[in-house]
Amino acid sequence: MSSRATTPEAREATTVRAVTEDELPDWCRALNTGFLRQPTTSPQTVAKRRAHFDLARTRAAFAPAGGRGYPLLEELGGGTRQVATFRSFAQELTVPGGATVPTDAITNVTVSPTHRRRGLLSRMMAADLAEAKERGDVAATLIAAEYPIYGRFGFGPAATGAVWEVDVSRAGLDPRWSGPDDGGRVDLADPEEVRKVGPELHERLRARVAGVVSRDEQWWQYNTGLWPTPEDPWAEPFHAVYRNARGEVEGLVVYQSDDRWGDAKQPLNTAQVRQLIAVTPAAERALWTYVCSVDWITTVRSGLRAPDDLLPHLLPDPRAARIVTQADFLWVRILDVVRALEARSYDTSGEIAFEVLDPAGFAGGRFTLTATPGGAVCSPGAASPQLTVDVRELGALWLGDESAVRLAALGRLVEHEAGAAAGLGALLRTSRRPWCPDVF
Ligand SMILES: CC(=O)SCCNC(=O)CCNC(=O)[C@H](O)C(C)(C)COP(=O)(O)OP(=O)(O)OC[C@H]1O[C@@H](n2cnc3c(N)ncnc32)[C@H](O)[C@@H]1OP(=O)(O)O
C-alpha cells in the first residue's frame, strides 16, 4: 500500500505559489498551525511580518477548502485554504578564512497535519532551490527542526551547536574579581546603545568566524525590543559591553536571570546567556568571567556555542562547565561547488579530484580542487576522481566541521584511491570549528 494518502489528481489541485499581502494573515495562521502554536495571529505580528518579509519568497500551498468529496461542504467552504508555508531570504554566510558567500536562508517551513506526506515540502523546496540557483546563491542554509527532514534535499549538518552549563561554585573564579585586569572594562548598556555598537561588532565577528550568518537592521531592532507583539512580548535582558584599553568595543553579552532562592535563603539564580559575541580573546575572557561573577548567579547556561568554545578553559576548573546539549545546528545545501570551495581558505596545499552526486541536478559533477594557503582553484572536470561524495556530505565538510575520514568509515564517502578521504580531509579541516550563533 502506498504511504501517500491522496491521488495524484487531488495533489495536483493543491497549488504552491508566493503569497500576496492580503494572504499574509492566513499564511500566519497556517504557520502557527504547523508549529503547534495558537493559530490566531495578532495584527501586530502580521504587520511586523509584512514590513520585513520578501513576499516573492514567502510561499504557501493552497488546497481546496471544505471537505473533499462532500460537494456541499466544498460549496460552503469555497475557495482555498493555506495548508503549508515556506519562506526564504537573502543572507550571507562566512566561510573559513572570513570571506562571505550569498546564501538562501530557508525558514518557516510547515505543512498542516491534514496535508502531511503528500509531497508539499518537496514541491516548495524544489521551487525555492531552483530560484536560489538561478539567482546565483552559493548555498542554501537552514536550522533543522528534526534531523531526518532535510538530508534528502541535499542539506548536510555543517556547524554543530553546543550548550554548556557552568556550576559557578566549582569554577574556581576569584570571588574578589572586580573587572578585567587587562586595561579594558565591562559596562552595562541599554538597548539603544546596543543598536549603535552591536551591528559593527557583529560585522567584525562575521569577518573572522566561519558559520556566522549576516544580521540585518531588523534583526537588531527585533532583538532590542523595537517590535514587541502579543505573541512575542519583549522583556529587556541585561546587556554588557567590553571595551579594550583604547575604549574600542570588542564584545557584547546579553543575558537574563531567573529568580530562584533555596530554602535556606541562599541565591540559586541561573544566568541564561542569549548571546555573547567577542572579537578578541581578551573580550571573550572578560565577558565570560563577568557573567560567572555576577552576585547571586550560581549557574550559567552558555547559549549555543561551537563545540571547541573557549568557555570551559577560561575557568580555573574547566570541569565546572559541562555540555548539556550538543547537536547538529546549521545545515547547508551547496548549490555551486566551484564558488563554495574557491571562497574559503585552506591551511595547507594539495590537490584532489572528486565527484559530487546531486540527484536534484544543482551541483553534481566532477571537480578538481587545487588549494594553497594563498588561494584555491576548483575546476569542473576530473578524468578519474579519487573519491565520490554526495552533495549532502560535501555540505557537512565545507565549513570544516566534519571529517572526511569519518565519513569514509561510515560509508558516506567512497574512495576510489586509498588515502583520498584523508587527502580531502586534510584540505577541508579547519583549526577552529565553525559556529552559527543565530536561530533563523
Ligand atoms: C527550516 C525550518 O523551518 S525547520 C521546521 C520544519 N517544520 C516542522 O518540523 C513542523 C512540523 N512538520 C511539518 O510541518 C511537516 O511534517 C514537514 C514540513 C516536516 C514535512 O512536510 P511534508 O509535506 O509532509 O513532506 P513531504 O511529503 O514533501 O516529504 C518528503 C519526504 O520526506 C519525508 N519526511 C518528511 N518529513 C519527515 C520527518 N519529519 N521525518 C522523517 N521523514 C520525513 C517524507 O516521508 C517523504 O519521504 P519519501 O520521499 O521517501 O516519501
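Residue numbers (UniProt numbering): 1 to 440. Even for Gly, the Cβ is constructed at its ideal location relative to N, Cα and C. Predicted model only: the values in this text are computed from it and were never measured.
For Ala105 against Leu55, the beta-carbon gap comes to about 16 Å, at or over 8 Å, which does not count as contact. Two segments are said to touch when three or more pairs of C-beta atoms, one from each, lie closer than 8 Å; by this definition the stretch 142 to 150 touches the stretch 327 to 335. If you look at Arg366, you'll find it isn't in any alpha helix (DSSP H); it sits in the beta strand (DSSP E) that goes 365 to 372.
With a cutoff of 8 Å on beta-carbon distance, Leu93 and Thr100 are scored as near each other.
Nearest to Gln386 by C-alpha distance, out of Gly374, Leu413, Gly364, is Leu413. Taking all protein chains in view, the Cβ of Glu200 is surrounded by fewer than 16 other Cβ atoms within 10 Å, so the residue is classified as exposed. Setting aside the 5 residues that flank it on each side, Trp227 is surrounded in the same chain by Lys48, Gln221, each with a C-beta closer than 7 Å to its C-beta; the list follows chain order. At the C-beta level, Ala30 and Val83 come within 8 Å of one another. Look at Leu120: its beta carbon is less than 7 Å from one of the heavy atoms in ligand 1.
By the neighbour-count definition (other C-beta atoms within 10 Å, threshold 16), Ser302 is a buried residue. By DSSP's assignment, Cys292 forms no beta bridge with any residue. Below 8 Å, enough C-beta pairs join the stretch 363 to 380 and the stretch 342 to 355 to call them touching: three or more. A residue is called buried once 16 or more other Cβ atoms fall within 10 Å of its Cβ, and Trp27 is buried on that count. CA-to-CA, the gap between Val168 and Lys196 works out to about 32 Å. In the DSSP assignment, Trp398 falls outside any beta strand (DSSP E) and lies within the alpha helix (DSSP H) extending over 391 to 398. Around the CB of Phe35, fewer than 16 other CB atoms lie within 10 Å, so the residue is classed as exposed. Judged by beta-carbon spacing, Val16 lies within the 8 Å limit of Met124, meaning their Cβ atoms are closer than that value. Annotation for Ala271: Tyr255, Ser257, Val291, Ile297, Val300 place their beta carbon closer than 6 Å to its own, counting only its chain and skipping 5 residues before and after.
The alpha-carbon separation between Ser112 and Ser42 amounts to approximately 20 Å. Spatial neighbours of Ser214 in its own chain (CB-CB distance under 6 Å, excluding positions within 5 residues in sequence) are listed in chain order as Gln91, Glu92. DSSP links Gly375 through a beta bridge to Thr372. For Trp219, the enclosing alpha helix (DSSP H) stretches over residues 217 to 222. Residue burial is scored here from C-beta neighbours: Ala409 has fewer than 16 other C-beta atoms within 10 angstroms and is therefore classed as exposed. Judged by DSSP in its simplified three-state form, Asp104 adopts strand. When DSSP states are grouped into helix, strand and coil, Asp128 belongs to the helix group. Around the CB of Tyr147, fewer than 16 other CB atoms lie within 10 Å, so the residue is classed as exposed. When Cβ pairs closer than 8 Å are counted between the two stretches, the stretch 392 to 401 is seen to touch the stretch 151 to 170, the count reaching three or more. Boundaries of the beta strand (DSSP E) around Pro64: 58 to 64. The bridge partners DSSP lists for Leu413 are Val389.
Boundaries of the beta strand (DSSP E) around Val186: 185 to 189. Two segments are said to touch when three or more pairs of C-beta atoms, one from each, lie closer than 8 Å; by this definition the stretch 316 to 330 does not touch the stretch 113 to 122. When rounded, the separation of the alpha-carbon atoms in Ala278 and Pro307 is 16 Å. In this structure, Asn108 has its beta carbon less than 7 Å from a heavy atom of ligand 1. In this structure, Glu231 keeps its C-beta atom at 8 Å or more from the C-beta atom of Thr280.
A residue is called buried once 16 or more other Cβ atoms fall within 10 Å of its Cβ, and Trp435 is buried on that count. For Glu355, the secondary structure class from DSSP, reduced to helix, strand or coil, is strand.
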